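Residue numbering for the sequence shown follows my numbering, beginning at 7 and increasing consecutively.
The beta carbon of each residue, even a glycine, is placed where N, CA and C say it ideally should be.
Computed from a predicted structure; not experimentally measured.
What follows is one structure encoded as structure tokens, with my remarks underneath.
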Amino acid sequence: MKTTRLMKGLALGLAGLAGLCVMPAAAQEAGAGISVFVPSTLIRNGSGSIAFEQGLSTSIGLGSTLSVPMGFVYHGADGWRLEDAAFTDNGKAALHGDILMPYVGLQAKLPLGAGFFIQAHAAAAGSYAFRLESSGQELAAGLAGAGETVAIKSLGIGKKIGYGYLAGGAIGITIAQVSVVLGAEWRSIRQPAPLSGEIYRVTGAAASLETLSLPNAKALLEGVAFKLGGSFKF
7 MKTTRLMKGL ALGLAGLAGL CVMPAAAQEA GAGISVFVPS TLIRNGSGSI AFEQGLSTSI
67 GLGSTLSVPM GFVYHGADGW RLEDAAFTDN GKAALHGDIL MPYVGLQAKL PLGAGFFIQA
127 HAAAAGSYAF RLESSGQELA AGLAGAGETV AIKSLGIGKK IGYGYLAGGA IGITIAQVSV
187 VLGAEWRSIR QPAPLSGEIY RVTGAAASLE TLSLPNAKAL LEGVAFKLGG SFKF
């Protein structure tokens with residue numbers, strides 16, 4: 007609960023700061039780039055797959071060092087884990103689906119000379135996975151107890167707004183009004199994903215049909231995004 011309040015407060019605070027800085031900002035940048043997301047399930051357990059992202063971003067300058075980056079990212083993600091007291095998480099991808107992730111944060115930039123620079127950033131993020139589906143057999147396996155096998159007859163996954171954070175860094179070069187950066191960032195997104203439906207629970211030669219109800223389940227997406235991007239300063 008405290009984490010939820012902290013993330014919501016950070017998001018509101020940064021959004022408010024961005025709004026206040028739009029008018030007096032000395033400089034503004036807009037850009038795009040090529041970004042690849044690698045889920046933690048693939049890095050640690052070989053489960054899931056990489057995703058190419060689409061999105062737009064802008065940055066409002068607060069001087070020569072600080073700026074407020076904001077934008078959104080969209081991609082398909084095969085790397086969602088499921089969190090619930092009635093589910094055994096083995097660290098593999100239990101769900102896959104699309105995610106729309108708006109974000110707003112704070113960035114620091116340090117010049118290195120000859121046009122080169124390094125930068126670091128952190129941001130609060132929202133999320134909406136408007137399509138979530140079971141990914142392979144991991145969901146059924148996580149619902150099974152010791153000595154049991156579970157088969158899913160029907161499955162419904164609720165779609166709600168989530169939240170999270172991202173943090174990373176980059177190295178880049180500026181030529182005139184154009185900047186090119188190469189960087190990476192860690193992301194952690196958690197979204198409510200209540201499950202409902204029916205499952206067959208098999209123990210030995212006996213099988214029973216049960217109602218599936220996990221109203222407090224959450225989908226967790228973590229991983230690293232690698233980005234080659236460009237921006238133009240107005």
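Item: Between residue 129 and residue 171, which are expected to be in contact by the criterion C-beta below 8 angstroms, what is the C-beta distance as a whole number of angstroms?; Value: 7 angstroms
Item: Would you check if there are 3 or more beta carbon pairs closer than 8 angstroms linking the stretch 81-99 to the stretch 120-127?; Value: no
Item: Here's the rule I'm using: 16 or more other beta-carbon atoms within 10 Å means buried, otherwise exposed. How should residue 139 be labelled?; Value: exposed
Item: Determine the closest residue to residue 94 out of 238, 223, 229, with distance taken between C-alpha atoms.; Value: 223
Item: Is there contact here, the stretch 145-165 with the stretch 108-120, by at least three beta-carbon pairs under 8 angstroms?; Value: no
Item: What are the boundary residues of the alpha helix (DSSP H) that residue 148 is part of?; Value: 144-149
Item: Below 8 angstroms between beta carbons: does that hold for residue 204 and residue 216?; Value: yes
Item: Return helix, strand or coil for residue 48, following the three-state DSSP convention.; Value: helix
Item: From the DSSP output, in three-state form, read off residue 141 for me.; Value: coil
Item: Look at the Cβ atom of residue 105, then the Cβ atom of residue 135, and state whether they are nearer than 8 angstroms.; Value: yes
Item: I need the DSSP call for residue 69, collapsed to helix, strand or coil.; Value: coil
Item: Could you work out which residue in 62, 234, 73, 143 is closest to residue 179 when comparing CA atoms only?; Value: 234
Item: Throw me the rounded Cβ distance for the residue 227 and residue 108 pair, which I believe falls under 8 angstroms.; Value: With 8 angstroms as the limit, residue 227 and residue 108 do not qualify as a contact, their Cβ atoms being about 15 angstroms apart.
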